[in-house]
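Notes follow the structure.
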Amino acid sequence: MIGQVSRDAATADFFDGARDGVFMLRYNAESGKYLSPLAVIDPDTGKGGLEWRGSKGEARIVSHSVAHGKVGKDGQRELLVIAIVEFDEGPWWWTQILDVQDPRHVRSGQRVRAAFVKNDGEEVVPVFRPV
Amino acid sequence: MASKASHVRGTIVGLGLTEMGRIYNRTAADFAAEAVTAAVADAGLLLKDIDGLLISAGVSDELGLRLQNDLGLSALSFLSKVQAFGSTAGAMVQMASLAVSSGLATTVVCVFADAPLREGRNAGAVYGADRAAPMGWQGLLGATGVTNATTMYALAARRHMETYGTTSEQFGAIAVAQREWAKLNPKAQMRDPLTLSDHQASRWISEPLRLLDCCLVSNGAVAVVVTTPDRALHLRQPPVHLLGYGQCHPGLYMRKSEKYGLETGARQSGPRALAMAGVRLSEIDVVELYDCYTYTVLVSLEDYGFCAKGEGGAFVSSGVLGPLGSLMLNTGGGQLSSYYMWGMTPLSEAVIQVRGQAGDRQSVKHDLALVSGNGGVLDYHSTLILGSRATYV
């Protein structure tokens, strides 16, 4: 289950990317380093005014949890696979892994790819799926 | 050799606790006023003696500077609301100590109060998705299910387990030991027997964390009174001196770190506090660690140096914990089994132990206590070293 979200000034460029199917990261052009979308400055250099740059959307699972949610109308308890993923470009992101056949078989190091969920909300919501 | 008395800059002379737990139909301000009044009376002081007030509001954030008005205090020379999440209690005592040692104030009350529980509302929802805002980054995290504190700690715990081989049964050993302590604490909310099998049979909240790996959520308040060591000599209670303190805030929220889940701010704040106090870890009699989850206790024990990094699992399941063990750890039952007042849980138990007022759970040796505070998802950390004597030469 993916909820709805609205953009604000800090996330407008990020959600523009999501509409185009691109997971945007922050980028320090001086050092060539990618940073989390949440980054305001590069803490290693102090550089602000970071660019937005699209990632390839390829990542691996660093750690994961199977969150046991509410019991649905079908009597089944909702299981959410929540993970920290590491982009091939370097940054980490906290997200949900969709379309996992058996949550017990999710493994650290597993390859995942950015996916984009369109629901009734204002914005497309980036998540990940197993490769 | 310089006297270590020079390290004592503040002394805890009063402690006030309200009823805690599923106590409904009372506001945080109401709880706070009761705890402050109780702490001041405990010290043998009057409210008019208080010239400093530090306020910590908890998750519902319903407590503010208006507490001053509620208490009828009109001559404060030091007043602030403090927020460093689970490290707030430690930070407040440090700030109070700095205030009384500098002359900014003479007698400072530090109070935490929270009343997030409502009748018929699930305790987990208090720290879960219900808080998520629908906009911006928080909205995105909420939309993808990245909101629940237990899930965030589960990600950290999983990393520790996969890196060092730590097991759920080892987490369970902490829950069981703390319940044994809670059975000796009349203030504890959870006093029924608990076995490792019970822990293993408890339902998953966010794998690898089970229900019995998680702390309670409580309504209530705790306050302490801090003054100078010389004033403390003339007051009612045995003095609890602040001998050393330290903070460390790794601030790893949503950031890449190879240390994530493996190391906490205790690694820095612990040695800083011990060095200031001039005592060694092996001299500590009572250890009160922030225990929002069993895992938090385990990783904190490693970071303080009670065992080597990565050996926390073997350490906690070696029989060292509980009233019959050799390590006097979380002697009131902690946040897991007694009451959840953020950093005031370990602090209040440390004060009770150092005073020698813990009754059936009193540690025989109680001259020196170590108190930790941990907030965010291992983002914020504080350590206090408390002692019954002003000098340890």
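From first to last, the protein sequence lines are chains A and B. Quick note, the working numbering runs 8 ahead of the 1-based positions in the first sequence. Quick note, the working numbering runs 1411 ahead of the 1-based positions in the second sequence. C-beta: ideal position from N, C-alpha, C; glycine also. Here the structure is a predicted model, which is why all the values come from computation and not from measurement.
Below-8 Å beta-carbon distance, residue i vs any chain A residue
i	result
B:Y1791	no
B:L1426	no
B:T1707	no
B:P1545	yes
B:E1674	no
B:V1557	yes
B:A1554	yes
B:W1753	no
B:L1551	yes
B:S1414	Confidence is the limiting factor: at B:S1414 the pLDDT is only 43, short of 50, which leaves the residue's position unreliable and the question unanswerable from this model.
B:V1804	Residue confidence is low: B:V1804 scores 45 on pLDDT, short of 50, so the model does not pin down where it sits. No coordinate-derived value is stated.
B:G1736	no
DSSP three-state assignment for residue i, whether helix, strand or coil
i	result
B:H1660	coil
B:E1580	helix
A:W101	strand
B:I1808	Only positions 1412 to 1804 of chain B appear in this structure, which leaves residue 1808 of chain B out of reach.
B:M1412	Residue confidence is low: B:M1412 scores 37 on pLDDT, short of 50, so the model does not pin down where it sits. No coordinate-derived value is stated.
B:G1501	helix
A:A75	strand
B:M1506	helix
B:F1726	helix
B:H1792	strand
B:N1533	coil
B:N1559	coil
B:V1765	helix
B:G1754	strand
B:T1802	coil
Below-8 Å beta-carbon distance, residue i vs any chain B residue
i	result
A:S116	yes
A:G25	no
A:Q84	no
A:D16	yes
A:Q109	no
A:I69	no
A:P138	no
A:H113	no
A:V74	yes
A:W100	yes
A:I49	no
A:V133	yes
A:L33	no
A:S44	yes
A:T53	no
A:L4	Residue 4 of chain A is absent from the structure shown; chain A starts at 9 and stops at 139.
For residue i, the nearest candidate out of the options (CA to CA)
i	options	result
A:Q12	B:M1546, B:D1603, B:E1699, B:A1452	B:M1546
A:V139	A:R61, A:A122, A:P51	A:A122
B:V1811	B:M1506, B:L1482, B:D1624	There is simply no residue 1811 of chain B to check, as chain B begins at 1412 and stops at 1804 in what is shown.
B:G1736	B:V1698, B:P1527, B:R1766, B:V1635	B:V1698
B:L1692	B:L1700, B:F1717, B:A1584	B:F1717
B:L1779	B:D1696, B:D1453, B:V1636, B:I1585	B:D1696
B:L1819	B:E1473, B:I1796, B:L1622	In this structure chain B extends from 1412 to 1804, so residue 1819 of chain B is not present and cannot be described.
B:M1431	B:A1449, B:V1447, B:F1442	B:F1442
B:L1528	B:L1566, B:E1473, B:G1662, B:V1557	B:E1473
A:V145	A:K81, A:G65, A:R137	Here chain A has residues from 9 to 139 only, and residue 145 of chain A is not among them.
A:Q104	A:A91, A:R115, A:V114	A:A91
B:G1815	B:M1752, B:A1684, B:L1490, B:F1489	Because residue 1815 of chain B is not part of the residues shown, which for chain B are 1412 to 1804, the question remains open.
A:G40	A:P99, A:G129, A:H72	A:P99
Residues that residue i bridges to, as DSSP identifies them
i	result
A:P138	A:V120
B:F1489	B:G1463
A:R68	A:E94, A:R119
B:D1525	B:G1631
A:S14	B:M1546
B:A1780	B:V1697, B:L1797
B:T1422	B:T1638, B:H1652
B:T1742	Answer by DSSP bridge pairing: none, since B:T1742 is not bridged.
B:V1519	B:G1463, B:V1637
B:E1618	A:V74
A:N36	A:K41
B:Y1704	B:C1625
Residue i Cβ short of 7 Å to the ligand HEM heavy atom set
i	result
B:A1684	What this structure holds is no ligand at all, so the ligand HEM is not there to describe.
CB contact below 8 Å: residue i versus chain C
i	result
A:G11	This model lacks chain C altogether; the protein chains it does include are A and B.
Quiz item: Is the region 80–97 of chain A touching the region 26–46 of chain A, taking contact as three or more C-beta pairs under 8 Å?
Solution: At 8 Å Cβ cutoff, the stretches touch.
Quiz item: With contact counted as at least three CB pairs below 8 Å, one residue from each stretch, are the region 53–62 of chain A and the region 18–25 of chain A in contact?
Solution: The region 53–62 of chain A vs the region 18–25 of chain A: in contact.
Self-check item: Stretch-stretch touch, CB-based, cutoff 8 Å, three pairs: the region 1682–1693 of chain B with the region 1609–1617 of chain B
Solution: Result no; under three Cβ-Cβ pairs closer than 8 Å.
Quiz prompt | Three CB pairs or more closer than 8 Å across the region 1568–1579 of chain B and the region 1722–1733 of chain B | solution = Yes, since at least three Cβ pairs between the region 1568–1579 of chain B and the region 1722–1733 of chain B fall closer than 8 Å, the two stretches touch.
Quiz prompt | Given 8 Å, three or more beta-carbon pairs between the region 1751–1769 of chain B and the region 1645–1656 of chain B | solution = Yes, the region 1751–1769 of chain B is in contact with the region 1645–1656 of chain B.
Quiz prompt | Three or more C-beta pairs below 8 Å linking the region 1662–1677 of chain B and the region 1522–1539 of chain B | solution = Two segments are said to touch when three or more pairs of C-beta atoms, one from each, lie closer than 8 Å; by this definition the region 1662–1677 of chain B does not touch the region 1522–1539 of chain B.
Exercise. Kindly confirm or deny that the region 107–115 of chain A and the region 1599–1606 of chain B touch, where touching means at least three C-beta pairs closer than 8 Å.
Key: With contact defined as three or more Cβ pairs closer than 8 Å, the region 107–115 of chain A and the region 1599–1606 of chain B are not in contact.
Quiz prompt | Three-pair Cβ contact test at 8 Å for the region 1779–1792 of chain B versus the region 1700–1712 of chain B | solution = Enough Cβ pairs lie closer than 8 Å, so yes.
Self-check item: Stretch-stretch touch, CB-based, cutoff 8 Å, three pairs: the region 73–84 of chain A with the region 45–53 of chain A
Solution: The region 73–84 of chain A vs the region 45–53 of chain A: no contact.
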